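J.:
Residue numbers (the numbering used here), protein chains in the order written: chain A, 2 to 277; chain B, 2 to 131.
#1: Residue 189 (chain A): which of A:118, A:104, A:168, A:80 sits nearest, CA to CA?
#2: Spell out a yes or no on whether the region 199 to 207 of chain A and the region 79 to 94 of chain A are touching, meaning 3 or more CB-CB pairs, one atom from each, closer than 8 Å.
#3: Pop quiz: residue 210 (chain A) and residue 217 (chain A) are said to be a contact at Cβ under 8 Å. What is the actual Cβ separation, rounded to whole angstroms?
#4: Can the beta-carbon of residue 52 (chain B) be found closer than 9 Å to that of residue 44 (chain B)?
#5: Going by the beta-carbon positions, is the gap between residue 59 (chain A) and residue 50 (chain A) smaller than 9 Å?
#6: Relative to the C-alpha of residue 33 (chain A), which residue among A:74, A:267, A:142 is closest?
#7: To the nearest angstrom, report how far apart residue 241 (chain A) and residue 235 (chain A) are at their CA atoms.
#8: What residues are listed by DSSP as bridge partners for residue 76 (chain A)?
#9: Shorter than 9 Å from the beta carbon of residue 258 (chain A) to some beta carbon of chain B?
#10: Quick check on the DSSP output: the beta strand (DSSP E) that includes residue 130 (chain A) runs from which residue to which?
#11: Taking C-beta to C-beta, are residue 228 (chain A) and residue 258 (chain A) nearer than 9 Å?
#12: Does DSSP put residue 20 (chain B) in a helix, a strand or coil?
#13: Does the Cβ-Cβ distance between residue 82 (chain A) and residue 155 (chain A) come in under 9 Å?
#14: Could you pull out every unbroken alpha helix (DSSP H) segment of at least 4 residues lying fully inside the region 48 to 77 of chain B, listed in chain order?
#15: In terms of residues, what are the limits of the beta strand (DSSP E) holding residue 181 (chain A)?
#16: Just checking: is the beta-carbon of residue 198 (chain A) within a distance shorter than 9 Å of some beta-carbon in chain B?
#17: According to DSSP, is residue 221 (chain A) part of a helix, a strand, or is it coil?
#18: May I have the straight-line CA-CA distance separating residue 57 (chain A) from residue 25 (chain A), to the nearest angstrom?
#19: Since residue 113 (chain B) and residue 121 (chain B) should fall inside the 8 Å C-beta cutoff, what is the C-beta to C-beta distance between them, to a whole number of angstroms?
#20: Using only alpha-carbon positions, find the residue among A:54, A:135, A:70, A:27 that is nearest to residue 180 (chain A).
#21: Going by DSSP in three states, residue 11 (chain A) sits in which element: helix, strand or coil?
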């Protein structure tokens with residue numbers, strides 16, 4: 002148990018000390034991914050693509066399975082392994098807001114990566130959170146590989162390739178959201194404020210407010226157009242969905258809405274979304 | 002055999018005494034025109050008809066003007082009676098322009114519950130609750 006970090010060093014040949022290997026059962030065998038240590042060094046973050054069984058993930062080192070608790074965020078497909086014993090060398094998570102089109106990143110190997118844009122929907126389907134689109138200098142790395150900014154902090158995590166040298170990545174703020182949940186409450190929770198929106202709407206307009214919901218108590222009404230959630234400005238429905246992802250149960254969030262010609266600021270305290 | 006000068010002289014003396022009957026020359030010109038008109042009338046087509054009509058009209062003398070005036074009056078009366086009455090156009094009721102354009106029903110968009118980039122991924126449509 003105390004040798005987790007050492008095992009991880011040898012597990013992935015081309016990775017630095019902070020990475021380890023994760024494997025997930027798939028329909029045609031085990032699917033490999035990269036895991037990297039964050040926070041206190043006892044939490045390893047990886048990504049389970051939709052075709053694998055995320056909660057069956059294992060942290061591996063030197064061909065051996067390391068004992069770890071597995072936490073899955075079913076929305077982002079991020080998987081957090083919580084280990085015991087000596088911590089690994091954790092990578093810092095970049096502060097949010099540093100990513101944009103043209104941002105230069107790199108892999109642990111030093112290979113170049115460049116952010117080329119945000120993906121809010123794919124194949125005409127809205128994503129539950131915005132992904133970063135990236136170009137790689139070389140071939141795309143393994144799923145779960147950390148993409149580092151100029152300070153060496155994790156700015157994004159490789160999700161899936163989309164071409165010979167392109168792919169999608171999960172921004173670090175999503176990792177931070179999930180890891181904080183796991184470290185704090187030992188589970189991945191989601192905030193619920195009780196508003197309904199239509200995906201095909203041109204603007205993030207509230208169509209329904211659930212009676213007795215946090216939004217109703219805060220004074221939000223049907224027809225209000227959401228302008229900001231927290232510090233995130235909303236331009237469209239996809240922006241609203243992305244912002245809702247970061248709502249935490251019990252943590253008040255400021256919201257600004259437009260009602261007619263007036264702009265109204267409210268504070269909404271999300272409740273924990275019940276399991277469906 | 003050529004006639005002799007005496008024979009020719011006798012023939013000329015005989016012709017000098019020949020005269021047409023009384024009134025022959027008066028009827029000659031009228032008969033000539035009558036025959037010519039009859040020949041023209043026998044021709045087919047509009048020209049023939051026109052000539053027959055002209056012949057008939059010219060045969061009427063001064064009364065042809067009365068016939069012409071009567072015919073023109075009858076034609077005008079027939080034209081007036083047979084011409085279609087003017088169509089009564091009913092004014093179209095004024096309908097105010099509809100300035101409020103109904104927006105087309107937007108196409109349903111799926112919302113994915115998880116980050117799933119597979120083409121086979123399926124989301125939900127309609128109102129999404131957050």
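Heads up, the beta-carbon is just placed ideally off N, CA and C, and yes, glycines get one too. Just so it is clear, the structure is predicted and the values come from calculations on it, not from any experiment.
T.: With the structure as the only source:
#1: That would be A:80, whose Cα lies nearest to the Cα of residue 189 (chain A).
#2: These segments do not touch.
#3: 5 Å
#4: Yes; because the gap between Cβ atoms is below 9 Å, this pair is in contact.
#5: no
#6: A:142
#7: So the two alpha carbons sit approximately 6 Å from each other.
#8: Looking at the DSSP assignment, residue 76 (chain A) forms no beta bridge with any residue, so it has no partner.
#9: no
#10: Element bounds for residue 130 (chain A): 126 to 137.
#11: yes
#12: coil
#13: no
#14: none
#15: Per DSSP, residue 181 (chain A) belongs to no beta strand (DSSP E); it is in the alpha helix (DSSP H), 173 to 186.
#16: yes
#17: In the structure shown, the three-state DSSP call for residue 221 (chain A) is coil.
#18: 6 Å
#19: That pair is no contact at about 12 Å.
#20: Measuring from the Cα of residue 180 (chain A), the nearest candidate turns out to be A:70.
#21: At residue 11 (chain A), the pLDDT of 40 sits below 50, so the modelled position is not reliable and the matter cannot be decided from this model.
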